[in-house]
Amino acid sequence: MTMQTKRFSPRDYLEENPQVRRILKIVALIAFVIICSLLVVVAIDVYTWNGFVVRASKSLVDGLALSMLLFLMVSGFFLIFGLCDVINFAHGAFFMLGGFMGFTIYLGTEALFLDPALPFFLLFGANQFAMSVTAFVVSAVGATAVLALIGGGIEFFTVRRLYGNPIAQILLTVGFMFII
3 MTMQTKRFSP RDYLEENPQV RRILKIVALI AFVIICSLLV VVAIDVYTWN
53 GFVVRASKSL VDGLALSMLL FLMVSGFFLI FGLCDVINFA HGAFFMLGGF
103 MGFTIYLGTE ALFLDPALPF FLLFGANQFA MSVTAFVVSA VGATAVLALI
153 GGGIEFFTVR RLYGNPIAQI LLTVGFMFII
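The sequence shown maps to residues 3 to 182 in this note's numbering.
Here's what the structure looks like:
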């Protein structure tokens, strides 16, 4: 005895799911607005086409980089909330502190490598790429370690005592957000 399955076409799926149809209409409208705005910019900027391409590509790359950072931040927030049931509004502040900490460690490490009196300079010589990659790795590991200590200390000494009390968690983490 064979069992036949009903085959759905995309049209059948859209007819059965009005919410998906509505979302697709919104996405199509947003795409239409973006394309129209790009066409208007191109029509205005006909004489400097090369400048438009450079600005548009830079804007796309900047937008992609920002969206990746926001995705990391939001996914971390939901991961913390989903696993620990802690509403951590200071997550974005820790993210920002990690960026500043990594940049500071990067600049300090690169300055160490560029000092001819230290043995690091003899190790790398004038290889700027090797110095930059090493400084990046040191800054990433260092910033992660420092923020793990800070975040772990805050969780151990303050947030752990407030499990099961969401209002107090919100107040505490918003306070840490302002402090950081």
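No residue lacks a Cβ here, since even glycine has one placed at the ideal position from N, Cα and C.
Fill in: CB of E112 within 7 Å of CB of A142, strictly
Locating residue 112 in the sequence shown gives position 110, counting from the first residue. Locating residue 142 in the sequence shown gives position 140, counting from the first residue. With respect to A142, E112 sits apart: the two C-beta atoms are not nearer than 7 Å.
Fill in: Residue span of the alpha helix (DSSP H) that contains T160, given as start and end
Taking the sequence shown and counting its residues from 1, the one referred to as residue 160 is at position 158. Counting along the chain, T160 falls outside any alpha helix (DSSP H), and DSSP gives it neither H nor E.
Worksheet item: Is it a yes or a no for the stretch 81-97 touching the stretch 160-171, going by three-plus beta-carbon pairs under 8 Å?
Response: With a cut-off of 8 Å, the stretch 160-171 and the stretch 81-97 count as touching, because enough Cβ pairs lie within range.
Discussion item. Which of the three DSSP states is assigned to D87 in this structure?
Written reply: Taking the sequence shown and counting its residues from 1, one reaches residue 87 at position 85. The answer is coil: DSSP assigns D87 none of H, G, I, E or B.
Worksheet item: For V190, is the classification buried or exposed, using 16 other Cβ atoms within 10 angstroms of its Cβ as the cut-off for buried?
Response: The structure shown does not extend to residue 190, since the chain is modelled only from 3 to 182, so the question has no answer here.
Discussion item. Considering only their Cβ atoms, is the gap separating A145 from G110 smaller than 7 Å?
Written reply: Position 108 of the sequence shown holds residue 110. Position 143 of the sequence shown holds residue 145. No, the pair does not count as a contact, with Cβ atoms beyond the cut-off.
Fill in: Three-state secondary structure assigned by DSSP to Y185
This structure cannot settle anything about residue 185, because the visible part of the chain is limited to 3 through 182.
Fill in: Closest Cα partner of G155 within the set F178, F79, L66
Residue numbering aside, residue 155 sits at position 153 when the sequence shown is read from its first letter. The candidate whose alpha carbon is nearest that of G155 is F178.
Item to complete: Please look up how many angstroms separate the CB atoms of M75 and G100, rounded, as I've assumed it's under 8 Å.
Response: Sequence index remark: in the sequence shown, residue 75 carries index 73 (1-based). Sequence index remark: in the sequence shown, residue 100 carries index 98 (1-based). That pair is no contact at about 10 Å.
Worksheet entry | Beta carbon of T160 nearer than 7 Å to that of A92 | Here residue 160 is taken as the residue at index 158 of the sequence shown, counted from 1. Here residue 92 is taken as the residue at index 90 of the sequence shown, counted from 1. Contact annotation: T160 and A92 have beta-carbon atoms that are not nearer than 7 Å.
Worksheet entry | Among I181, E157, I182, the one whose alpha carbon lies nearest that of Q171 | In the sequence shown, the residue the question calls residue 171 occupies position 169. The closest CA to that of Q171, considering only I181, E157, I182, is found on E157.
Worksheet item: Just how far apart, CA to CA, sit Q130 and L41?
Response: Translated into the one-based positions of the sequence shown, residue 130 becomes position 128. Translated into the one-based positions of the sequence shown, residue 41 becomes position 39. In a straight line, the C-alpha of Q130 is about 42 Å away from that of L41.
Worksheet item: Who are the near neighbours of F34 in its chain, counting only those whose CB is closer than 7 Å to its CB and skipping five residues on each side?
Response: What you label residue 34 is simply residue 32 of the sequence shown in a count that begins at 1. Nothing listed; no residue qualifies.
Discussion item. On the CB-based measure, 16 or more other CB atoms within 10 Å of its CB, does M70 come out buried or exposed?
Written reply: Locating residue 70 in the sequence shown gives position 68, counting from the first residue. With fewer than 16 neighbouring CB atoms inside 10 Å of its own CB, M70 falls in the exposed class.
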